[in-house]
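Residue numbers (the numbering used here): -19 to 122. Just so you know, even glycine gets a beta-carbon here, dropped at the ideal spot from N, CA and C. All of these numbers come straight from a predicted model, not from anything done at the bench. Scroll down for the structure; my scribbles are underneath it.
What follows is the structure, encoded as structure tokens:
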């Protein structure tokens, strides 16, 4: 059964069978503690979630720069996906992946938050361009 975990350094919340060894937000190693769903919801709701399109794009570019993937160089596709992400945030309060359907179950839907954990999802390994589910990210060439 999946559990909720919190990084005690930066308060990042993670849903999974086990916590990440390295926090994707702050880079701390072995910094996660198990928390209740209620505490996770409180943390998620305590921070302002709405950021503008350009700030989100800069954030995902910074995330990609530290990993083995990159933001898709197809700017038209990226803009279309950003439109969907911003619409989902406006309509549902979260940046759900625009290419996947919500279940209306909070814990299940947390798996659909963008950016997904690109390296864990494994979808990129079976695609020619090495793309994540929606194609916002792809494997870095080389």
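Alpha carbon to alpha carbon, how far is residue i from residue j?
{"i": "residue 23", "j": "residue 82", "result": "21 Å"}
{"i": "residue 35", "j": "residue 96", "result": "17 Å"}
{"i": "residue 119", "j": "residue 109", "result": "7 Å"}
{"i": "residue 12", "j": "residue -13", "result": "4 Å"}
{"i": "residue 79", "j": "residue 70", "result": "16 Å"}
{"i": "residue 33", "j": "residue -19", "result": "34 Å"}
{"i": "residue 68", "j": "residue 88", "result": "16 Å"}
{"i": "residue 65", "j": "residue -7", "result": "20 Å"}
Name the one or two DSSP bridge partners that residue i has.
{"i": "residue 111", "result": "118"}
Once you ignore the five residues that flank residue i on each side, which residues in its own chain have a CB closer than 6 Å to its CB?
{"i": "residue 94", "result": "65, 75 and 77"}
{"i": "residue -17", "result": "14"}
Spatial neighbours of residue i within its chain, please: CB distance less than 8 Å, with the 5 preceding and 5 following residues excluded, ordered by chain position.
{"i": "residue 1", "result": "9 and 10"}
Is there contact between the stretch 40 to 53 and the stretch 105 to 122, where contact requires at least three CB pairs shorter than 8 Å? At 8 Å Cβ cutoff, the stretches touch.
Quick check for students: name the residue ranges of the alpha helix (DSSP H) that lie wholly in the stretch 46 to 90, counting only runs of 4 or more. Listed in chain order, the complete alpha helix (DSSP H) runs (minimum 4 residues) inside the stretch 46 to 90 are 55 to 72 and 86 to 89.
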